[in-house]
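Here's the structure we're looking at; comments come further down.
4 protein chains.
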Amino acid sequence: MGTKAIRTALKVDLNKPAREQKGLHNRWHPGVPSCGTIANNEVVKIECLDWTGGQIQNNDSADDVRDVDLTQIHYLSGPFDIEAAEPGDVLLVEIQDIQPFEDQPWGFTGVFARENGGGFLDEIYPKAAKAIWDFEGIFCSSRHIPGVRFAGLIHPGILGCAPSAEILAEWNKREGELIAANTTGRDVAKPPEPTNAHGGAADEEITAKIGREGARTIPGRPEHGGNCDIKNLSRGSKVYLPVHVAGAKFSVGDLHFSQGDGEISFCGAIEMAGIITLKFTIIKNGMAKMAMKSPIFQPGPVEPQFGPGRYLTFEGFSVDENGKQHYLDATVAYRQTCLRVIEYLRRYGYDDYQIYLLLSCAPVQGHIAGLVDIPNACTTLGVPMDIFDFDIRPEVEAVKRFMGSCAFASS
Amino acid sequence: MGTKAIRTALKVDLNKPAREQKGLHNRWHPGVPSCGTIANNEVVKIECLDWTGGQIQNNDSADDVRDVDLTQIHYLSGPFDIEAAEPGDVLLVEIQDIQPFEDQPWGFTGVFARENGGGFLDEIYPKAAKAIWDFEGIFCSSRHIPGVRFAGLIHPGILGCAPSAEILAEWNKREGELIAANTTGRDVAKPPEPTNAHGGAADEEITAKIGREGARTIPGRPEHGGNCDIKNLSRGSKVYLPVHVAGAKFSVGDLHFSQGDGEISFCGAIEMAGIITLKFTIIKNGMAKMAMKSPIFQPGPVEPQFGPGRYLTFEGFSVDENGKQHYLDATVAYRQTCLRVIEYLRRYGYDDYQIYLLLSCAPVQGHIAGLVDIPNACTTLGVPMDIFDFDIRPEVEAVKRFMGSCAFASS
Amino acid sequence: MGTKAIRTALKVDLNKPAREQKGLHNRWHPGVPSCGTIANNEVVKIECLDWTGGQIQNNDSADDVRDVDLTQIHYLSGPFDIEAAEPGDVLLVEIQDIQPFEDQPWGFTGVFARENGGGFLDEIYPKAAKAIWDFEGIFCSSRHIPGVRFAGLIHPGILGCAPSAEILAEWNKREGELIAANTTGRDVAKPPEPTNAHGGAADEEITAKIGREGARTIPGRPEHGGNCDIKNLSRGSKVYLPVHVAGAKFSVGDLHFSQGDGEISFCGAIEMAGIITLKFTIIKNGMAKMAMKSPIFQPGPVEPQFGPGRYLTFEGFSVDENGKQHYLDATVAYRQTCLRVIEYLRRYGYDDYQIYLLLSCAPVQGHIAGLVDIPNACTTLGVPMDIFDFDIRPEVEAVKRFMGSCAFASS
Amino acid sequence: MGTKAIRTALKVDLNKPAREQKGLHNRWHPGVPSCGTIANNEVVKIECLDWTGGQIQNNDSADDVRDVDLTQIHYLSGPFDIEAAEPGDVLLVEIQDIQPFEDQPWGFTGVFARENGGGFLDEIYPKAAKAIWDFEGIFCSSRHIPGVRFAGLIHPGILGCAPSAEILAEWNKREGELIAANTTGRDVAKPPEPTNAHGGAADEEITAKIGREGARTIPGRPEHGGNCDIKNLSRGSKVYLPVHVAGAKFSVGDLHFSQGDGEISFCGAIEMAGIITLKFTIIKNGMAKMAMKSPIFQPGPVEPQFGPGRYLTFEGFSVDENGKQHYLDATVAYRQTCLRVIEYLRRYGYDDYQIYLLLSCAPVQGHIAGLVDIPNACTTLGVPMDIFDFDIRPEVEAVKRFMGSCAFASS
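Residue numbers (the working numbering), protein chains in the order written: chain A, 156 to 566; chain B, 156 to 566; chain C, 156 to 566; chain D, 156 to 566.
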């Protein structure tokens with residue numbers, strides 16, 4: 156190495172439907188055929204689509220977000236065989252770099268319509284909305300959310316190794332039980348779905364099987380990671396992944412230029428297509444050695460740093476907006492914390508949807524503060540003040556400004 | 156100022172029962188008489204008991220933790236009238252410093268017995284346990300958890316202004332409804348409790364009223380903060396508190412030498428008695444100006460810093476230890492994340508209870524990673540590797556060492 | 156912007172001699188013709204050669220370093236006219252990104268031979284030496300200095316606006332006086348030198364004038380910055396540059412993947428060719444407004460962070476290696492500090508030249524600690540311990556390992 | 156430990172002349188009798204005077220600074236015998252904490268008059284001046300320099316072990332040679348001086364010998380450290396000190412609440428009396444093991460952190476204010492860098508002396524940027540913007556405000 160460019164293990168075609176590309180797939184299943192082999196200790200580049208597979212346009216309407224086809228998302232690049240990886244090993248993946256495509260220096264953040272996707276605050280904000288972000292090197296800014304600009308904490312939303320047949324069966328069983336018991340009137344999990352299931356290079360029969368059994372890519376899962384959306388899994392991070400099948404069958408996708416803790420609006424990161432540079436190292440028998448049931452990682456040393464004193468931090472508790480008391484529910488508490496930020500930032504002239512989008516994609520810190528003092532969970536959300544080009548400290552009088560608008564769907 | 160020492164607004168007596176000291180109280184109620192007045196913009200020192208009011212001893216038995224009287228905890232220092240504060244104002248409290256008492260340079264972390272207090276993992280770890288921490292300047296170490304040593308991120312577990320009568324009524328109503336609906340077989344909230352209610356300088360009649368109506372200090376609450384246990388609310392932080400009664404009636408207590416996000420074992424911080432130095436500034440009509448419903452804070456610039464790449468970070472999901480799938484439940488996810496750390500650190504020779512204690516009090520970072528990918532919430536827990544005197548990186552072979560034991564209760 | 160790629164304002168040809176490319180030049184002179192125009196507030200990419208203009212090869216011999224032609228270095232990209240910039244303005248340059256060329260993912264650090272270039276420690280280390288660094292995303296490692304790997308703090312060594320004729324005359328005068336007074340037996344400054352002077356698109360006559368008068372690019376100079384070699388001027392930084400001629404005539408070059416404070420071996424950074432993304436904004440009459448005589452900058456938020464406690468820091472004083480006492484000489488003190496590090500790291504099996512190269516290019520922190528306690532200046536040099544894959548803490552026994560060798564010149 | 160307070164190894168009396176206290180001394184000499192013994196691995200508190208031994212008052216006149224008796228400064232606490240330390244060992248000193256005295260929460264920064272002490276910029280700023288700093292917990296502010304407030308990076312200016320007779324002789328020889336060769340018209344070093352030499356508990360004869368031979372405490376020296384004035388040697392730091400005499404004979408003093416890199420005004424830190432908590436550990440034969448000629452340290456994890464992007468950074472070069480070119484002189488470059496900051500901050504209404512004082516004591520970062528590009532050394536000085544209560548970014552218009560005055564001497 157050194158004298159020549161790093162090998163690109165997979166190229167994608169941004170102008171061809173994802174479902175026609177053999178190096179992509181959108182289900183977790185051990186039967187998806189490998190699309191290539193990577194040596195132990197090798198460094199490669201892997202190209203990835205954005206998580207909607209290119210459904211969202213760089214324009215000022217959110218119609219595309221409103222009408223997104225959620226059966227056609229999360230096309231992952233892979234799976235790759237890592238030479239000599241065996242079940243029980245741990246695959247150490249080092250994230251050496253992530254970059255957008257040079258000729259596509261932009262991304263998007265969306266709020267899905269409540270009836271098609273929804274999000275963390277969809278009861279309050281049911282409309283589809285969108286912000287386009289322009290990338291200028293490591294920075295991004297949006298014509299749809301003026302007054303902010305920040306360096307991306309760039310990361311993959313999804314990475315993991317394929318489940319074994321046994322693990323896949325376990326996933327389908329436990330998620331099926333949740334679905335069976337559901338009385339909430341909203342989706343609580345995504346069962347296998349043959350429609351638009353894409354098994355990469357799989358033939359028709361295998362594809363059908365993948366469609367019937369394959370796990371959806373929406374949730375992360377403890378046994379392999381998957382869609383974890385961890386904002387700190389950025390450049391320089393090392394991830395330790397359990398291996399469940401021969402060759403590991405590693406996949407990656409859903410690149411984010413930036414994301415806030417919780418990715419609250421669901422399509423909440425700054426979603427982008429791009430290129431990830433990874434190094435793969437096998438740790439033999441690592442799962443037993445590390446007593447590993449779920450992935451572990453070590454973040455890199457290059458996170459954007461705002462100084463500990465530069466986060467304006469909001470508190471929230473497990474009492475919901477109707478005044479109802481919940482029992483140690485960190486999810487309710489975090490929802491309230493988000494609402495506190497919206498109320499605060501609204502004073503500067505932002506529309507609530509703009510803030511909802513911003514909280515989803517800016518590098519906000521969402522902490523679990525207290526989880527034991529019954530009945531209230533307490534969570535905090537730290538907003539880095541330096542991403543604003545005006546002063547948001549509480550002691551400075553808030554001045555309402557004209558802040559334009561994010562993109563909405565036509566009515 | 157400058158030429159003379161900072162005024163001490165309240166002294167406590169470590170050798171006298173807390174319930175006999177008029178500057179202490181253990182209920183939130185507007186009727187607790189003020190124990191002193193502080194001027195706008197004044198800096199004062201306030202002495203505080205530890206949160207058990209001195210029930211825990213520096214020894215090698217956890218009998219005291221097992222038998223702790225939970226009706227006699229959280230004695231707060233105050234309330235103080237802040238001159239000219241009125242309902243609707245915001246009280247800006249700057250935490251200038253926190254120190255243990257010079258002649259009591261130690262603190263404790265406890266695991267309560269499941270039948271008396273419990274904690275976040277009490278179904279798995281039902282026994283009482285204890286670790287004593289010795290303070291050496293800004294550092295602490297424990298004979299009960301060898302191999303670790305770290306700088307404290309020192310902070311108050313509790314601070315806030317008194318509720319108005321209306322707010323207090325609201326608290327009792329909503330928490331009462333939760334209790335009324337409880338079918339879980341465990342306590343879900345703490346109703347008012349006359350036993351050992353201490354109203355400071357209140358006369359008998361008022362004390363009885365406080366006992367009947369006063370809110371327990373265990374949970375933090377959105378309207379005023381209270382027991383938030385926010386580990387980053389340390390030296391140099393500014394907190395903005397809503398004022399609900401004339402004079403604000405500010406109280407503070409439950410000092411922590413250090414705590415991890417979540418304070419998972421309930422008595423999980425390094426609890427200590429000590430002295431807090433605070434500056435008070437009134438922001439007139441601040442609640443409306445800031446659209447404030449819950450406290451906001453800005454952390455200080457002096458947090459212990461380990462570098463972004465020095466946190467070994469564990470992932471957890473809302474699938475519980477029985478394999479049951481929960482719906483976007485960050486609390487379940489965080490519990491799993493804690494278990495992943497315990498499994499990992501156990502390999503070095505630690506007993507599970509030692510790790511449970513350590514996670515509760517060391518400056519671990521608990522983040523909400525993803526909350527929108529149904530059905531799995533994903534949380535992360537970052538353990539600063541530099542607090543260990545051996546190398547805990549995954550690529551280094553784990554060697555089991557003799558790690559002694561934390562204190563347990565006699566049987 | 157946003158929908159299309161960022162404009163590349165200058166392309167360079169890595170396979171064509173630098174002196175034949177019209178967008179490059181190697182002298183500071185107001186007469187160098189502009190190679191293009193950039194609008195106020197525009198973002199552009201600019202390609203740059205490495206500072207030797209491609210003289211150094213990716214191999215295991217330092218013959219190329221020993222024989223480097225120092226009249227053919229520092230080919231700068233530019234100058235660019237910034238629309239509407241006038242003398243007295245300040246040019247705000249935001250460094251949005253810097254990347255190596257995709258097909259040339261490597262760089263080099265050199266020690267020049269004492270008789271051809273020299274360096275900070277050339278009396279002790281007179282031989283030519285070289286280390287090749289391979290880039291893996293944001294990281295670099297070298298087969299010539301095993302055991303270290305780190306994230307680059309990538310930056311341009313040189314940027315600035317052209318001097319006016321008056322300023323150029325002042326430079327030549329004051330540096331000429333130093334040369335005239337020189338009795339040290341070594342070069343103390345570089346006078347104008349017609350040999351190989353390259354004036355970009357200048358015709359023969361102008362080129363001759365540039366050769367006679369043009370300032371060499373080696374030193375930085377107070378009036379415009381130039382070759383400042385500031386390691387923290389990395390991605391995300393904003394630099395404020397004085398404008399001395401109409402259009403500003405901005406030039407940039409000498410990209411560094413990483414550098415230590417002082418760039419001690421002279422060719423000490425990890426030198427590379429690459430692409431820099433810059434945004435230009437004019438601040439009218441900025442020099443008077445900011446009372447600016449020399450450039451100012453604000454570093455970006457994304458520096459690699461090792462935590463304040465992860466720097467092993469060495470002290471040095473202005474007593475030289477012969478025991479001679481110097482008067483408050485920070486340069487002597489820093490030289491001693493470097494020697495202290497070399498003595499320390501040598502114990503692990505490194506050759507002195509390897510360490511000399513490493514100190515020049517790794518992100519070490521060189522601070523001026525004390526400059527007033529006669530007669531000793533005290534400087535410190537902090538080495539980030541996390542760049543080593545073994546433990547260099549003083550309390551851990553040093554074990555000598557086989558560390559190979561850097562590249563040397565043949566004899 | 157743990158159950159009782161940390162032992163105080165030395166108490167000082169703030170109301171008694173320093174020269175009458177047997178636990179203090181003001182010369183480095185192996186003959187100063189030990190004032191106490193500390194065990195290996197012991198933690199102790201040591202009280203210290205401020206570096207003028209109490210000559211400076213908390214008032215608004217700088218007469219005391221102008222008239223300071225420089226033969227009566229730097230009274231060090233000690234020396235202490237560390238049990239079993241022998242020449243060739245290394246003494247590991249951990250700085251656990253530093254605090255001002257509780258009833259003396261203030262310190263001072265001075266500019267000495269050029270004819271009595273002087274400082275880094277005394278040719279430009281020859282008058283005596285003073286700022287008093289009030290401590291509020293970890294913060295300080297000054298009525299003499301309004302508009303700034305910051306957390307102290309508290310540290311000892313001086314610590315070290317006693318020199319052996321041989322080392323002392325070497326010091327006197329090399330500094331004597333510098334003095335002998337001096338033609339500058341200003342003091343270049345401080346020779347031994349019997350006047351007011353204080354040898355602690357030494358008898359008359361030994362005291363006389365100490366006066367004749369003892370090294371002055373002003374400069375730090377490579378063999379043992381001493382007066383290094385390293386601002387980052389703060390709480391949590393570990394210092395590794397060479398041991399030259401039996402028992403080590405460790406001394407400490409000159410506590411600083413805060414200091415900027417360079418301590419430019421000489422009496423430039425925020426000088427204070429106070430209490431330092433230290434832990435001592437002997438590393439047998441450490442000097443050979445670590446190849447140690449000068450002290451090494453590892454800073455603590457709790458430095459005030461402003462974020463890498465929050466330092467407004469100024470550049471300076473080795474061309475002096477008369478336009479004279481100097482050869483790679485970092486000292487000249489740093490002086491110019493300081494002047495650039497003064498010119499910039501003057502625009503807000505500050506008097507030059509206020510800024511000179513501020514640069515000396517605020518946690519500014521002074522880096523050696525480039526030291527090899529003949530003839531210009533380049534240094535940088537980073538000013539943390541967050542210490543100001545107004546916005547000093549270059550893009551914000553500077554508004555002149557009334558900034559009062561620092562204290563000056565009467566005329």
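The C-beta atom is built at its ideal place from N, Cα and C for all residues, glycine as well.
Worksheet item: Which residue's Cα is closest to the Cα of Ala-160 of chain B: B:Cys-190, B:Asp-475, B:Thr-432, B:Tyr-508?
Response: B:Thr-432
Worksheet entry | Identity of the residue in D:Tyr-280, D:Leu-514, D:Ala-428 nearest Asp-168 of chain D by Cα | D:Ala-428
Fill in: Cα-Cα separation between Lys-393 of chain B and Glu-249 of chain B, rounded to whole angstroms
4 Å
Discussion item. Please tell me whether Cys-516 of chain D and Gly-423 of chain D are closer than 8 Å, where the distance is taken between their beta carbons.
Written reply: yes
Item to complete: Starting from Gly-417 of chain D, follow its DSSP beta bridges and name the residues at the other end.
Response: C:Gly-525
Practice prompt. Starting from Glu-498 of chain D, follow the beta strand (DSSP E) in both directions and report where the run begins and ends.
Written response: No beta strand (DSSP E) contains Glu-498 of chain D, which is instead part of the alpha helix (DSSP H) from 485-500.
Discussion item. Going by DSSP in three states, Thr-163 of chain C sits in which element: helix, strand or coil?
Written reply: strand
Item to complete: List the residues of chain B whose Cβ lies closer than 9 Å to the Cβ of Phe-275 of chain C, in chain order.
Response: Those do not exist, as Phe-275 of chain C stays about 28 Å from chain B at its closest Cβ, beyond 9 Å.
Worksheet item: Between the segment 237-253 of chain C and the segment 289-297 of chain A, do at least 3 Cβ pairs fall closer than 8 Å?
Response: yes
Discussion item. Do Gly-471 of chain B and Ala-488 of chain B have their beta-carbon atoms positioned less than 8 Å apart in this structure?
Written reply: yes
Item to complete: With 8 Å as the limit, tell me which residues of the segment 355-388 of chain C have their beta carbon closer than that to any beta carbon of chain D; keep them in chain order.
Response: Ile-373, Pro-374, Gly-375, Arg-376, Pro-377, Gly-380, Asn-382, Cys-383, Asp-384, Ile-385, Lys-386, Asn-387
Worksheet item: Looking at C-alpha atoms only, which residue of D:Thr-163, D:Pro-185, D:Arg-174 is the closest neighbour of Phe-405 of chain D?
Response: D:Pro-185
Worksheet item: Under 8 Å between C-beta atoms, does Ala-485 of chain B make it to chain D?
Response: no
Worksheet entry | Straight-line gap, Asp-205 of chain A to Asp-289 of chain A (C-alpha atoms, nearest Å) | 15 Å
Fill in: Nearest to Phe-263 of chain C (by Cα), restricted to the options C:Thr-350, C:Ile-437, C:Ala-217, C:Phe-235
C:Ala-217
Worksheet item: Once you ignore the five residues that flank Gly-265 of chain B on each side, which residues in its own chain have a CB closer than 6 Å to its CB?
Response: Val-220, Lys-285, Cys-422
Discussion item. Please state the DSSP three-state secondary structure of Leu-308 of chain C.
Written reply: coil
Practice prompt. Would you grab the beta carbon distance between Thr-436 of chain A and Phe-469 of chain A for me? Rounded to a whole angstrom, and I think it's under 8 Å.
Written response: Wrong, their Cβ atoms sit about 40 Å apart, outside the cutoff.
Worksheet item: Residues in the segment 459-493 of chain A with C-beta within 9 Å of chain D's C-beta atoms, listed in sequence order?
Response: Pro-459, Gln-460, Phe-461, Gly-462, Pro-463, Gly-464, Arg-465
Fill in: Contact with chain B by Asp-215 of chain C, beta-carbon distance below 8 Å
no
Item to complete: At 7 Å on the CB atoms, spell out the chain A contacts of Arg-495 of chain B, in chain order.
Response: Lys-448, Ser-449
Worksheet item: Unbroken beta strand (DSSP E) runs of length 3 or more, entirely within the segment 354-392 of chain D: which are they?
Response: 380-382
Worksheet item: Mind pulling the beta strand (DSSP E) runs of 3 or more residues that sit fully within the segment 298-350 of chain A?
Response: 304-306, 310-316
Worksheet item: How would you list, in chain order, the residues of chain C whose beta-carbon sits under 8 Å from the beta-carbon of Gln-251 of chain A?
Response: Glu-291, Gly-292, Ile-293, Phe-294
Discussion item. Can you check which of these residues, D:Gly-537, D:Leu-323, D:Ile-510, D:Gly-441, is closest to Gly-366 of chain D by C-alpha distance?
Written reply: D:Leu-323
Worksheet item: Between the beta-carbon of Gly-369 of chain B and the beta-carbon of Gly-375 of chain B, is there less than 8 Å?
Response: no
Worksheet item: Whose Cβ in chain G lies nearer than 8 Å to the Cβ of Lys-434 of chain D?
Response: You won't find chain G in this structure, because its protein chains are A, B, C and D.
Worksheet item: Would DSSP call Ile-547 of chain A helix, strand or coil?
Response: coil
Practice prompt. Name the residue from D:Glu-360, D:Pro-377, D:Glu-257 whose alpha carbon lies nearest to the alpha carbon of His-481 of chain C.
Written response: D:Pro-377
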